[in-house]
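Student: Sharing a structure with you now.
Number of protein chains: 2
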Amino acid sequence: MRRLPLTLLAASLALATGLASAADKATVIPQAAVKTAEQLRDKAMDDNTGYKIVESLTTEIGARIAGGPNDQRARDWAVAKFKELGYDKVYTETVTYPLWERRSEHAEIVAPFPQSLSLIALGYSAGTPKDGLTAEVVKFDSLDALKKADPASVKGKIVYVTVHMERHKDGHDYGIGSGVRVGGPVIAAKMGAAGFLLRSAGTDAHSRTPHTGVTGFRDPKDAIPAAALSNPDADQLDRVLAYGKPVKVKLDLDVGFNGSYTGANVIGEITGKKHPDQVVAIGGHLDSWDPGTGAIDDGAGVAIAMAAGKMIRDLPQRPDRTIRVIAFANEEMGLWGGRAYADKHAADVGKHQLGTESDFGARKIWRMTASVKPSAVGAIEQIAKVIEPIGVAYDAKRPGGGGSDLSQMHGKGMAALTLTQDGTDYFDYHHTANDTLDKIDPKELAQNVAVYAAFSYMAAQADGDFGSAPGAFAKDGASD
Amino acid sequence: MRRLPLTLLAASLALATGLASAADKATVIPQAAVKTAEQLRDKAMDDNTGYKIVESLTTEIGARIAGGPNDQRARDWAVAKFKELGYDKVYTETVTYPLWERRSEHAEIVAPFPQSLSLIALGYSAGTPKDGLTAEVVKFDSLDALKKADPASVKGKIVYVTVHMERHKDGHDYGIGSGVRVGGPVIAAKMGAAGFLLRSAGTDAHSRTPHTGVTGFRDPKDAIPAAALSNPDADQLDRVLAYGKPVKVKLDLDVGFNGSYTGANVIGEITGKKHPDQVVAIGGHLDSWDPGTGAIDDGAGVAIAMAAGKMIRDLPQRPDRTIRVIAFANEEMGLWGGRAYADKHAADVGKHQLGTESDFGARKIWRMTASVKPSAVGAIEQIAKVIEPIGVAYDAKRPGGGGSDLSQMHGKGMAALTLTQDGTDYFDYHHTANDTLDKIDPKELAQNVAVYAAFSYMAAQADGDFGSAPGAFAKDGASD
Chain A
1 MRRLPLTLLA ASLALATGLA SAADKATVIP QAAVKTAEQL RDKAMDDNTG YKIVESLTTE
61 IGARIAGGPN DQRARDWAVA KFKELGYDKV YTETVTYPLW ERRSEHAEIV APFPQSLSLI
121 ALGYSAGTPK DGLTAEVVKF DSLDALKKAD PASVKGKIVY VTVHMERHKD GHDYGIGSGV
181 RVGGPVIAAK MGAAGFLLRS AGTDAHSRTP HTGVTGFRDP KDAIPAAALS NPDADQLDRV
241 LAYGKPVKVK LDLDVGFNGS YTGANVIGEI TGKKHPDQVV AIGGHLDSWD PGTGAIDDGA
301 GVAIAMAAGK MIRDLPQRPD RTIRVIAFAN EEMGLWGGRA YADKHAADVG KHQLGTESDF
361 GARKIWRMTA SVKPSAVGAI EQIAKVIEPI GVAYDAKRPG GGGSDLSQMH GKGMAALTLT
421 QDGTDYFDYH HTANDTLDKI DPKELAQNVA VYAAFSYMAA QADGDFGSAP GAFAKDGASD
Chain B
1001 MRRLPLTLLA ASLALATGLA SAADKATVIP QAAVKTAEQL RDKAMDDNTG YKIVESLTTE
1061 IGARIAGGPN DQRARDWAVA KFKELGYDKV YTETVTYPLW ERRSEHAEIV APFPQSLSLI
1121 ALGYSAGTPK DGLTAEVVKF DSLDALKKAD PASVKGKIVY VTVHMERHKD GHDYGIGSGV
1181 RVGGPVIAAK MGAAGFLLRS AGTDAHSRTP HTGVTGFRDP KDAIPAAALS NPDADQLDRV
1241 LAYGKPVKVK LDLDVGFNGS YTGANVIGEI TGKKHPDQVV AIGGHLDSWD PGTGAIDDGA
1301 GVAIAMAAGK MIRDLPQRPD RTIRVIAFAN EEMGLWGGRA YADKHAADVG KHQLGTESDF
1361 GARKIWRMTA SVKPSAVGAI EQIAKVIEPI GVAYDAKRPG GGGSDLSQMH GKGMAALTLT
1421 QDGTDYFDYH HTANDTLDKI DPKELAQNVA VYAAFSYMAA QADGDFGSAP GAFAKDGASD
């Protein structure tokens, strides 16, 4: 067993809350596997398989909102792509969710200065009446300010919350922005508002491309019309409001719930030769929002995981354990694919060696964190050593969360990594028409594939496990 | 008379083609006027009048396509703003032009990979039939390639020309981009094409905001549907075409000619106390394209000229000559306001002391060029000396053209400057939804006002003229 520095040991003890104990036999990656992982890493850095995959998905399918006209085509594409890449086993697992549709949207300031506004309806928003919804706008500078308002002051009006997001490498301002987008409409609806607008949860201060995304509505009965203004349009509305005259806005949103839809997670596997039933789970989500072509969110994630599996598949021998690549259904409207997977596979959680999903763009990975049992921390350090030369620092003090959809499986007890990409410009494009292939640098994408291929292979070859067991990491505080 | 360096003298002789001769009495700016101009310059650099004007126009009126719903509102705004600023005389001169309307537009790739495209119809484009126009796309990498094509190969098809524009300080790639946009549809129509698409004439490689602009069509009988794809959409179409399968696109453009419209140039004057009938003519154009709010094109130009006039108006005494600020009608669809002005005032060309229009954004002016008679070059050098400390270099070797609309009056014989702004990012936003107020830096705009105030005042106070006379500069080769 490699000796753990005391601080790391303490940190890993703090992370381990499940069945594992420090007395376990240490999990170790055999040296031959480390060497192969280094070769996989170096080969992947010069390989464009990942880029070709995301190019194919975004060009041949384009936008693919869950349940929309391209949902089935995207699934067919994924099945065909897994087969083309030589995966051993390709199958689907159904996922059922409420269908929400966007048909058209338009908005305008009616008074005092008539002009159109660039906006986009939010997921699970209600539509407006056929003649539109015209109402006075009441502005709030934070969600807290809205919560504290007298409901009588917003009743029948359009609540507008304007909060600015700044760029950060770890994208942490999205917590604020998405908080307004998810929670704001629900609060406004409960207070009797007729509609909800927000300044886009995005960091592109100068682009007229509004950011969509899901609200907290899940039942048509609760929903009111809700939409996001682009940042320059929010600036404009702020300026118009500053004149101090009543501001009336008309919303025409032809969107809404329309029954339910059954799609599927699409899964490809490189079958393990020693423990075929034990899986390293990686993936991305196949659905995208509809204004862009879903290149960085999350064609890149699907491509990274598919390409990593393909790199391993091309080795002379199959790995010891199975590499399972999951292209999740409908992450965008509430982790539907991830939750369906976790529900279906909860009993197999112990068979999930290690897992994580890529869903934060296509820039370089700069940080790895892990939630594993204490006796597997040495193996994580072995992985860290292999990916450190390509720019990834291991932060032993933070938990790993498994990424968006796989956070659900982590919640069931799957040992998980988080591989954090540089998200500095991610929220410039996220959920907008500008999420297109030109935002992806093939070299940066290749670095992601290298990291996923190296860690997946090492996890598949490990002597020992990483502590996955029912409920194992219930208290690690990971959040993705 | 200040002595001219020989090279400058040669250059100015080359520029002077009118009635003036080197033997004229030299035009000189009195020292008191130079001093006042320096004070105007310094005051303007710290003044936000220009920014307040463009903020007012873009907020209270917003987009204002010529002949559209905001045309009359914009003219009312301009009249009121001139009065509010204390102009001595405010009036309008009618301008009549073909009315072209945009109602809606949509496009999609029908085969082989169905998906929507982000595009915008071009000025004077024809509309498509009610069910849209679906046709195969034929791609050309240049206008020359299109010209050389066999008409049979484009007949009934959608001609698509894809040419990249790069950023330059002087924006010179716009010559290429606008050449495709203006000339391409006409050529394609003559060859029997059913429709025309181009890669936007814009330098924003990553933005889904297509660039509109006028075509060469002037008669509905000649027009075919013509539109611009955003750069990422052109990339996408290029990728789809690269599969080598027939690519069908459907265009739904509800746009077209709709009779004629009579708008107006709106004019404000600071009346000269000595020579009220002699005018320094400055301005911008009041119309904008419709997707944005026309901040840099050309709210900024209107604001710069209006604010410069206001600075002069606030002096203790009126200037010797009149400062005439013109907010032109419908520059965008073919200099209609500029041509109407030139036609109406052709006989008064000799009364136009000097003129130029601001219509290249809101960044700092970095270069001045002039078309004046040789004996006025010394006065131009006096102007150059006053604006040099705020970053403007006088290039004596190039002619001045008077800017977009005033190029028409220059064509009649008006002595003219060109004050070139930094256009590095101008074509990122030009004619797109992203032409909004946030693109204007108040400090850079103030520098423009300083330049316009200083030169206008000096021209108004000059002892002597700059050579304006019928046909005076017919051969100076200026082009704006």
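In the order they appear, the protein sequences are chains A and B.
Position one of the first sequence corresponds to residue 1 (the working numbering), numbered consecutively onward.
Position one of the second sequence corresponds to residue 1001 (the working numbering), numbered consecutively onward.
Using N, Cα and C, we set each Cβ at its ideal position, and we do this for glycine too.
This structure is a prediction, so every number in the text was calculated from the model and none was measured.
Could you pull the start and end residues of the beta strand (DSSP E) that PRO98 (chain A) belongs to?
Tutor: Run containing PRO98 (chain A): 89-111, per the beta strand (DSSP E) assignment.
Student: So THR1420 (chain B) and PHE1360 (chain B) are in contact, right, with Cβ under 8 Å, and what is the actual spacing, rounded?
Tutor: Indeed, because the Cβ distance is near 7 Å, the residues count as touching under 8 Å.
Student: Could you tell me the alpha carbon to alpha carbon distance between GLY1272 (chain B) and THR1036 (chain B), rounded to whole angstroms?
Tutor: Rounded to the nearest angstrom, the two C-alpha atoms are 16 Å apart.
Student: Name, please, each residue of chain A whose Cβ falls closer than 7 Å to the Cβ of THR1059 (chain B).
Tutor: The contacting residues are PHE113, GLN236, ARG239, VAL240.
Student: Cβ of ALA126 (chain A) within 8 Å of Cβ of TYR97 (chain A)?
Tutor: Taking 8 Å as the Cβ cut-off, ALA126 (chain A) and TYR97 (chain A) do not qualify as a contacting pair.
Student: Compare the C-alpha of TRP100 (chain A) against each of A:ASP150, A:ASP141, A:ARG75, A:TRP289 and name the closest.
Tutor: Residue A:TRP289 is the option with its Cα nearest to TRP100 (chain A).
Student: I'd like to check one pair, HIS206 (chain A) with LYS1439 (chain B): are the Cβ atoms closer than 8 Å?
Tutor: Taking 8 Å as the Cβ cut-off, LYS1439 (chain B) and HIS206 (chain A) qualify as a contacting pair.
Student: Consult DSSP for LYS1373 (chain B) and reduce its assignment to one of helix, strand or coil.
Tutor: Note: LYS1373 (chain B) maps to coil in three-state DSSP.
Student: Can you name the residues of chain B whose CB is closer than 7 Å to the CB of SER207 (chain A)?
Tutor: Near SER207 (chain A) (Cβ distances below 7 Å), the residues of chain B are SER1207, ASN1434.
Student: Can ASP1435 (chain B) be considered in contact with the ligand FMN, in the sense that its beta carbon sits closer than 7 Å to one or more heavy atoms?
Tutor: As presented, the structure is devoid of all ligands, the ligand FMN included, so that no description of it is given.
Student: Going by alpha carbons, who is nearest to ASP254 (chain A) out of A:LEU119, A:ILE326, A:ILE270, A:LYS310?
Tutor: The residue with the shortest Cα to Cα distance from ASP254 (chain A) is A:LEU119.
Student: Taking the straight line between their C-alpha atoms, what separation do you get for ALA22 (chain A) and PRO374 (chain A)?
Tutor: Note on ALA22 (chain A): pLDDT 48, under 50, position unreliable in the model; no value is reported.
Student: For THR27 (chain A), report the span of its beta strand (DSSP E) as first-last.
Tutor: Premise fails: THR27 (chain A) is in no beta strand (DSSP E) and is neither H nor E.
Student: Compute the Euclidean distance between the alpha carbons of SER468 (chain A) and THR356 (chain A), then round it to the nearest angstrom.
Tutor: Approximately 13 Å, taken between the alpha carbons.
Student: I'd like the ranges of any alpha helix (DSSP H) spanning at least 4 consecutive residues and lying wholly in the region 384-433 of chain A.
Tutor: 407-412, 426-429, all fully within the region 384-433 of chain A.
Student: Between the alpha carbons of VAL1028 (chain B) and HIS1345 (chain B), how many angstroms are there, rounded?
Tutor: Computed Cα separation, rounded: 26 Å.
Student: With DSSP collapsed to three states, give me the class of ILE1065 (chain B).
Tutor: Looking at ILE1065 (chain B) - three-state DSSP - the assignment turns out to be coil, as it is neither helix nor strand.
Student: List the residues that DSSP assigns as beta-bridge partners of ARG321 (chain A).
Tutor: For ARG321 (chain A), which the question treats as bridged, DSSP gives the partners A:HIS275.
Student: Using C-beta distances below 8 Å, list every residue in its chain close to LEU1143 (chain B), excluding the 5 sequence neighbours before and after it, in chain order.
Tutor: VAL1161, VAL1163, GLY1179, VAL1180, GLY1183, GLY1184, ILE1187, listed in sequence order.
Student: Kindly indicate which three-state DSSP category GLY1123 (chain B) falls into: helix, strand or coil?
Tutor: In the structure shown, GLY1123 (chain B) sits in a strand (DSSP, three-state: E or B).
Student: Output needed for ALA340 (chain A): all residues of its chain with C-beta closer than 6 Å, excluding positions within five of it in sequence on either side, in chain order.
Tutor: These residues qualify, in order along the chain: VAL95.
Student: Of the choices A:GLY284, A:GLY337, A:ALA416, A:ALA362, whose alpha-carbon is the least far from that of ASP435 (chain A)?
Tutor: Of the candidates A:GLY284, A:GLY337, A:ALA416, A:ALA362, the one whose C-alpha sits nearest the C-alpha of ASP435 (chain A) is A:ALA362.
Student: Short check: CB of THR49 (chain A) to CB of LEU122 (chain A), under 8 Å?
Tutor: No, the pair does not count as a contact, with Cβ atoms beyond the cut-off.
Student: Which residues in the same chain as ALA1074 (chain B) place their Cβ atom closer than 7 Å to its Cβ, once the five residues preceding and following it in sequence are excluded?
Tutor: Within the same chain, ALA1074 (chain B) has close Cβ partners ILE1061, ARG1064, LEU1286.
Student: Anything in chain A within Cβ reach of ALA1063 (chain B), meaning under 7 Å, just list it in chain order.
Tutor: Under the 7 Å cutoff, chain A gives GLN115.
Student: With DSSP as the reference, please indicate the residues paired to ARG367 (chain A) in a beta bridge.
Tutor: Paired residue(s): A:ALA393, A:THR420.
Student: Going straight from the alpha carbon of TYR91 (chain A) to that of ASP320 (chain A), what length do you get?
Tutor: In a straight line, the C-alpha of TYR91 (chain A) is about 21 Å away from that of ASP320 (chain A).
Student: Can you list the residues of chain B that ASP438 (chain A) reaches, using a CB-CB cut of under 7 Å?
Tutor: Within 7 Å Cβ-Cβ: ALA1205, HIS1206, PRO1232, ASP1235.
Student: Starting from SER407 (chain A), find everything on chain B with Cβ-Cβ shorter than 7 Å and list it in chain order.
Tutor: Residues of chain B passing the Cβ test: none, with the nearest at roughly 30 Å.
Student: Starting from HIS1345 (chain B), follow the alpha helix (DSSP H) in both directions and report where the run begins and ends.
Tutor: Its alpha helix (DSSP H) spans residues 1336-1345.
Student: Please list the partners that SER1118 (chain B) has in chain A, where partner means a Cβ-to-Cβ separation under 8 Å.
Tutor: Going along chain A in sequence order, the residues near SER1118 (chain B) (Cβ under 8 Å) are ALA433.
Student: Which whole runs of the alpha helix (DSSP H) in the region 1154-1214 of chain B are 4 residues long or more, in chain order?
Tutor: Taking only runs of at least 4 residues, the alpha helix (DSSP H) segments lying wholly in the region 1154-1214 of chain B are 1174-1190.
Student: Could you give the distance in angstroms between the alpha-carbon of GLU332 (chain A) and the alpha-carbon of GLY213 (chain A)?
Tutor: Cα to Cα, the separation comes out at about 7 Å.
Student: Among residues of its own chain, excluding the 5 on either side of LYS1147 (chain B), which ones have a beta-carbon nearer than 7 Å to its beta-carbon?
Tutor: Result list for LYS1147 (chain B): ILE1187, in chain order.
Student: So for SER142 (chain A), helix, strand or coil by DSSP?
Tutor: Here SER142 (chain A) sits in coil by DSSP.
Student: Find the nearest neighbour of SER358 (chain A) within the set A:TYR457, A:ALA281, A:LYS130, judged by alpha-carbon distance.
Tutor: Out of A:TYR457, A:ALA281, A:LYS130, A:ALA281 has the C-alpha closest to the C-alpha of SER358 (chain A).
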